[in-house]
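Asks:
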Amino acid sequence: MERRHFLLMLATALGAAVASPLLAQGAGRAGTGSLPRGPRPTRPLGKSGVDIAPVVLGGNVFGWSLDEAASFDVLDAFVDHGFDAIDTADVYSRWVPGNQGGESETIIGRWLKARPGMRERVKIFTKGGGDMGQPGHRGLSPRWIGQAVDASLRRLGVDAIDVYFSHFPDPDTPVAETLGAYEALIKAGKIRAIGASNVDPAQLREALDTARDNNLPGYTVLQPGYNLYDRDGYDGPLRDLCLREGLGVVTYSSLASGFLTGKYRSEADLDQSVRGGGVGRKYLNPRGMAILSAMDQVAEKHGAQLADIALAWLIAREGVTAPIAGATKASHVQSFARAVALRLDADDLAALDQARAPAAS
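Heads up: the sequence shown is residues -24 to -1, 1 to 337, going by mature numbering (1 follows the signal peptide of the UniProt record, and there is no 0).
#1: Relative to the alpha-carbon of MET265, which residue among TRP120, LYS239, PRO299 and GLY58 has its alpha-carbon at the smallest distance?
#2: Starting from the N-terminal side, write out each stretch of the alpha helix (DSSP H) that is 4 residues or longer and does not extend beyond the segment 13 to 48.
#3: Quick one: which unbroken alpha helix (DSSP H) runs of 4-plus residues sit fully inside the segment 173 to 218? Chain order, please.
#4: Looking at C-beta atoms only, is the number of pairs between the segment 315 to 323 and the segment 45 to 56 that lie closer than 8 Å three or more?
#5: Once DSSP output is grouped into helix, strand and coil, what is the label at GLY104?
#6: Please report the straight-line C-alpha distance between GLY77 and ASP321, rounded to a whole angstrom.
#7: Rank ARG293, GLN281, ARG332 and ALA292 by C-alpha distance to the C-alpha of GLN310 and give the top, closest one.
#8: For the beta strand (DSSP E) containing VAL226, name the first residue and the last one.
#9: For VAL134, which of helix, strand or coil comes out of DSSP?
#10: Just the C-alpha distance for PRO200 and GLY209, rounded to the nearest angstrom, thanks.
#11: How long is the line joining the alpha carbons of LEU268 and LYS89, rounded to whole angstroms?
#12: Which word fits PRO30, buried or exposed, when buried means at least 16 other C-beta atoms lie within 10 angstroms of its C-beta?
#13: Please name the residue or residues paired with PRO299 in a DSSP beta bridge.
#14: Going by the DSSP bridge assignment, what does PHE141 pair with across the sheet?
#15: Between the beta-carbon of LYS103 and the beta-carbon of ASP126, is there less than 8 Å?
#16: Suppose contacts are defined by Cβ-Cβ distances below 8 Å. Is THR324 in contact with VAL274 by that definition?
#17: Can the beta-carbon of ILE137 be found less than 8 Å from the beta-carbon of ILE84?
#18: Let's test the definition: count the other Cβ atoms within 10 Å of the Cβ of PRO145 and tell me whether it reaches 16, buried, or not, exposed.
#19: Quick one: using the 10 Å Cβ neighbour count with 16 as the cut-off for buried, is LEU169 buried or exposed?
#20: By the three-class DSSP mapping on this structure, what secondary structure does MET94 have?
#21: Quick test of your reading: HIS143 and PHE312, contact by CB under 8 Å. State the CB separation rounded to the nearest angstrom.
#22: Buried or exposed for ARG119, going by 16 or more other Cβ atoms inside 10 Å?
#23: With burial defined as no fewer than 16 other Cβ atoms inside 10 Å of the residue's Cβ, what is the status of GLY35: buried or exposed?
#24: Using DSSP with H/G/I as helix, E/B as strand and the rest coil, what is ASP63?
#25: Our contact map puts ALA270 next to ALA327 with C-beta atoms below 8 Å; I'd like the distance itself, whole angstroms only.
#26: Where does GLY234 fall in DSSP's three states?
#27: With respect to the alpha helix (DSSP H) encompassing PRO262, which residues constitute its N-terminal and C-terminal limits?
#28: Would GLU96 be called buried (16 or more neighbouring beta carbons within 10 Å of its own) or exposed?
#29: I'd like to know whether the C-beta atoms of GLY115 and THR82 end up nearer to each other than 8 Å.
#30: Over the uninterrupted alpha helix (DSSP H) stretch that includes GLN330, give me the two end residues.
#31: With a threshold of 8 Å on Cβ separation, who are the neighbours of ALA152 within its own chain once the five nearest residues in sequence on each side are excluded?
#32: LEU42: which of VAL72, ASN261, ASP27 and VAL26 sits nearest, CA to CA?
#33: Can you tell me whether DSSP reads GLY85 as helix, strand or coil?
#34: Smallest Cα separation from GLY133: which of MET108, TRP87 and ASP206?
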């Protein structure tokens, strides 16, 4: 179980690192006019009591491919463009040689400390339960969750976490015990709302029923992997459940490891990145090419970039509150602003949906 969790975290992190440098390609050429700064309209994040702007900043590159100064630049640009929610996890970035986990939270905490009044302007999401590399430092047991939340609070330098996610299901801990631990943490004022990630419909249904049957706090936010290519895991029963229960949804892997930026279109393109091979194995197939072709047409119509289209599609999607997207330069945040400004019409959405029809080979 530990190895599976670690590999999933690593794959997600590598995908974000591939995608984020591509966000700025063609910056300034999108047909959205002058990009406004300042506060943006917000959306309610389900029943969490938290409202957020429609793009969340992914923090897994902080302390990995970005040092502290570069991370501060990205965070400043994100807020300057009117966005207000930052997602991280205690395991970010344990996969880097010499790191122990907590590096991303630590940088975010230092940024908050260096920017007086910033804590009141942003919402902080973090996750626990992933493998931290030491015996007993994983899972969702009450003992470990209490320790993990306290450690995240110290690194972030905050009194409370706005949304705390169970990063992975824990088959060794009864759901009621985990939710009971969260209840105590909410009463103590350490977390404000709870969410789940990497769960299937049955696991989410069990958690919601357990909360209801035992008068315990329930998950109000889901963080699934979801994008124009990877839709099967969320579309269908999981999405229906979220809509029925009123859960907020913030998606990770929103750009499909950079594939949806249009960088990878042939085997030759894979050499552009040391991680391109993984992209090729999954996405270079008839379905992927059909999606890129449809995105090209929609992008040309709007004078936009493919990354803008991928994020705008998620923003427009029923059942999605906001996509999570990473950035490795301050200028990359402009793609978030362009995506929010884009208004995909019914023809655009139909073309993007129909492009997914060819099966992967």
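Quick reminder that beta carbons are idealized off the backbone N, C-alpha and C, glycines included. Treat the numbers as computed from the prediction; the structure is a model and nothing was measured.
Replies: Taking the geometry as given:
#1: What you label residue 265 is simply residue 289 of the sequence shown in a count that begins at 1. Cα-wise, what sits closest to MET265 is LYS239.
#2: none
#3: 177 to 189
#4: They do not touch, by the three-pair rule.
#5: Here residue 104 refers to the residue found at position 128 when the sequence shown is read from its first residue. Strand, per DSSP.
#6: Counting from one through the sequence shown, the residue named residue 77 turns up at place 101. Counting from one through the sequence shown, the residue named residue 321 turns up at place 345. About 42 Å.
#7: For this step, residue 310 is matched to residue 334 along the sequence shown. Ranking the options by Cα distance to GLN310, first place goes to GLN281.
#8: Residue mapping note: residue 226 aligns to position 250 of the sequence shown, counting from 1. Note, VAL226: beta strand (DSSP E), 224 to 227.
#9: As a working mapping, residue 134 is identified with position 158 in the sequence shown. Looking at VAL134 - three-state DSSP - the assignment turns out to be coil, as it is neither helix nor strand.
#10: Position 224 of the sequence shown, counted from the first residue, corresponds to residue 200. Position 233 of the sequence shown, counted from the first residue, corresponds to residue 209. As the crow flies, the alpha-carbon of PRO200 is around 8 Å from that of GLY209.
#11: Numbered from its first residue, the sequence shown carries residue 268 at position 292. Numbered from its first residue, the sequence shown carries residue 89 at position 113. Spanning the two alpha carbons is a distance of roughly 42 Å.
#12: In the sequence shown, the residue the question calls residue 30 occupies position 54. By the neighbour-count rule (16 or more Cβ atoms within 10 Å), PRO30 is buried.
#13: The residue you call residue 299 lines up with position 323 of the sequence shown. PRO299 pairs with THR227.
#14: Taking the sequence shown and counting its residues from 1, one reaches residue 141 at position 165. According to DSSP, PHE141 bridges with LYS103 and GLY171.
#15: By one-based count along the sequence shown, residue 103 stands at place 127. By one-based count along the sequence shown, residue 126 stands at place 150. For LYS103 and ASP126, no; Cβs fall outside 8 Å.
#16: Within the sequence shown, the letter at position 348 stands for residue 324. Within the sequence shown, the letter at position 298 stands for residue 274. Residue identity differs from the one stated: residue 324 is Asp in this sequence, not Thr. Yes.
#17: Mapped onto the sequence shown, residue 137 falls at position 161. Mapped onto the sequence shown, residue 84 falls at position 108. Against a cut-off of 8 Å, the Cβ pair of ILE84 and ILE137 comes out as no contact.
#18: By one-based count along the sequence shown, residue 145 stands at place 169. Burial call: buried.
#19: Counting from one through the sequence shown, the residue named residue 169 turns up at place 193. Correcting the residue type first, residue 169 is Ala in the shown sequence and not Leu. Under this definition ALA169 is a buried residue.
#20: Taking the sequence shown and counting its residues from 1, one reaches residue 94 at position 118. Reduced to three states, the DSSP call for MET94 is helix.
#21: Here residue 143 refers to the residue found at position 167 when the sequence shown is read from its first residue. Here residue 312 refers to the residue found at position 336 when the sequence shown is read from its first residue. HIS143 to PHE312, Cβ: 24 Å. No contact.
#22: Within the sequence shown, residue 119 is the residue found at index 143, counting from 1. It is exposed - the Cβ of ARG119 has fewer than 16 other Cβ atoms within 10 Å.
#23: Locating residue 35 in the sequence shown gives position 59, counting from the first residue. Under this definition GLY35 is a buried residue.
#24: As a working mapping, residue 63 is identified with position 87 in the sequence shown. Strand at ASP63.
#25: The residue given as residue 270 occupies position 294 in the sequence shown. The residue given as residue 327 occupies position 351 in the sequence shown. Indeed, because the Cβ distance is near 5 Å, the residues count as touching under 8 Å.
#26: Numbered from its first residue, the sequence shown carries residue 234 at position 258. In the structure shown, GLY234 sits in a helix (DSSP, three-state: H, G or I).
#27: The sequence position of residue 262 within the sequence shown is 286, counting from 1. Counting along the chain, the alpha helix (DSSP H) containing PRO262 begins and ends at 262 to 278.
#28: Within the sequence shown, the letter at position 120 stands for residue 96. By the C-beta density criterion, GLU96 is exposed, having fewer than 16 other C-beta atoms within 10 angstroms.
#29: Numbered from 1 along the sequence shown, position 139 holds the residue referred to as residue 115. Numbered from 1 along the sequence shown, position 106 holds the residue referred to as residue 82. No; because the gap between Cβ atoms is not below 8 Å, this pair is not in contact.
#30: Reading the sequence shown from its first residue, position 354 is the one you call residue 330. Note, GLN330: alpha helix (DSSP H), 322 to 330.
#31: Taking the first residue of the sequence shown as position 1, residue 152 is located at position 176. Cβ neighbours of ALA152 beyond the five flanking positions: THR186, ASN190 and LEU192.
#32: Taking the sequence shown and counting its residues from 1, the one referred to as residue 42 is at position 66. Measuring from the Cα of LEU42, the nearest candidate turns out to be VAL72.
#33: As a first step, residue 85 must be located in the sequence shown, where it is residue number 109. The answer is helix: DSSP assigns GLY85 an H, G or I state.
#34: Stepping through the sequence shown from its first residue, residue 133 is reached at position 157. Checked all of MET108, TRP87 and ASP206; the closest Cα to GLY133 is TRP87.
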